[in-house]
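So the structure is just underneath, and the comments pick up after that.
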Ligand SMILES: Nc1ncnc2c1ncn2[C@@H]1O[C@H](COP(=O)(O)OP(=O)(O)OP(=O)(O)O)[C@@H](O)[C@H]1O
Ligand SMILES: [Mg+2]
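Given below as structure tokens:
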């Protein structure tokens with residue numbers, strides 16, 4: 001679990017914890033709902049069987065609209081990565097139904113996981129090759145994607161010659177090279193320092209607006225969730241289900257309002273953590 005220096009997430013002494021209920025939505029949206037691209041209906045996931053049975057997710061109902069940016073918040077171990085794996089089709093649900101894009105989704109992890117023997121551009125070109133882009137087009141497309149993440153001058157460098165933030169930018173370019181409508185991001189900036197993270201927030205927001213991707217972004221950092229998400233969903237733990245939802249418009253991303261929202265989310269997250277202390 002990751003937190004920044006400005007955002008301690010240590011649990012407070014428990015107050016009277018509330019059991020998870022149906023999700024509460026804060027701030028009503030004014031806009032029409034976008035076309036659904038991912039629909040999860042009563043989704044559940046249980047690992048193991050008998051005494052070692054572990055129900056990680058239960059009754060997860062969630063609809064992701066085309067072009068939405070949804071941030072997922074939860075305590076460590078609440079099942080956010082499992083949820084992304086289900087949406088990506090890497091795990092099968094134990095219960096419920098789901099609709100996911102037939103052409104799959106792109107995935108970006110906390111670690112860049114670049115191939116060390118390939119250059120930055122080579123890593124992006126490999127994703128294009130796997131997508132079936134003809135060789136003649138790969139170089140130009142990879143250069144354009146690296147330019148999109150402001151790495152046009154680093155294409156020839158190998159991963160060990162790049163900073164952590166630059167490696168994550170290459171990983172982002174590689175995810176975009178897969179050209180899927182849905183991009184799942186599992187704590188992609190958690191290991192970065194606050195300033196680099198801030199820069200990447202700006203870049204990701206710009207890229208999201210430019211490409212119209214549907215993004216699901218897992219984080220433990222409430223400020224990151226408020227900064228990036230149009231919707232922020234809070235997952236309960238043991239089992240994980242969506243217990244709270246905030247809709248955030250651009251006005252609420254202004255510093256004063258964002259700080260208030262972040263405080264509210266931190267309190268909700270702490271309460272959820274304290275239920276399990
Ligand atoms: N393949 C698996 N087999 C058995 N148990 C698993 C498997 N994958 C995840 N789990 C269990 O599911 C629970 C949730 O794991 P998951 O990785 O989804 O948590 P998380 O919310 O992503 O945590 P973190 O925020 O620390 O990354 C954990 O108890 C974990 O041990
Ligand atoms: Mg995880």
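Residue numbers (my numbering): 1 to 277.
All residues carry an ideal CB built from backbone N, CA and C; glycine is no exception.
Values in this document were obtained by computation on a predicted structure and should not be read as measured data.
Residue i Cβ short of 8 angstroms to ligand 2 heavy atom set
i	result
residue 218	yes
residue 111	no
residue 224	no
residue 187	yes
Length of the line joining the Cα atoms of residue i and residue j
i	j	result
residue 286	residue 69	It is not possible to answer for residue 286, since the shown part of the chain is limited to 1 through 277.
residue 146	residue 152	5 angstroms
residue 137	residue 124	12 angstroms
residue 28	residue 246	Bear in mind that the predicted position of residue 28 carries a pLDDT of just 47, short of 50, making it too unreliable to give a figure here.
residue 242	residue 205	24 angstroms
residue 190	residue 170	16 angstroms
residue 279	residue 50	The structure shown does not extend to residue 279, since the chain is modelled only from 1 to 277, so the question has no answer here.
residue 200	residue 176	15 angstroms
residue 217	residue 229	8 angstroms
residue 41	residue 59	7 angstroms
residue 37	residue 186	19 angstroms
residue 47	residue 82	10 angstroms
residue 227	residue 121	29 angstroms
residue 259	residue 114	35 angstroms
residue 203	residue 149	7 angstroms
residue 270	residue 128	42 angstroms
residue 158	residue 194	24 angstroms
residue 111	residue 172	11 angstroms
residue 265	residue 80	17 angstroms
Burial state of residue i (16 or more Cβ within 10 Å)
i	result
residue 234	buried
residue 117	exposed
residue 209	exposed
residue 160	exposed
residue 134	exposed
residue 130	exposed
residue 224	buried
residue 35	exposed
residue 54	exposed
residue 283	A question about residue 283 goes unanswered here, because the residues of the chain that appear run from 1 up to 277.
residue 21	Here the model assigns residue 21 a pLDDT of 48, short of 50, so the residue's position is not dependable, and the following value carries that caveat. Exposed, because fewer than 16 other Cβ atoms sit within 10 Å of the Cβ of residue 21.
residue 140	exposed
residue 272	buried
residue 97	exposed
is_contact[residue i, chain C] using C-beta, thresh 9 angstroms
i	result
residue 138	Among the chains of the structure shown, chain C does not appear; only one protein chain is present.
Contact set, ligand 1 heavy atom to C-beta under 5 angstroms: 47, 56, 76, 77, 78, 79, 80, 81, 82
Segment contact, 8 angstroms Cβ cut-off, at least three pairs: the region 98-106 with the region 179-190: yes
Cβ pair count under 8 angstroms reaching 3, the region 68-83 against the region 223-239: yes
The region 252-264 touching the region 83-101, judged by at least three CB pairs closer than 8 angstroms: no
The region 206-215 touching the region 53-71, judged by at least three CB pairs closer than 8 angstroms: yes
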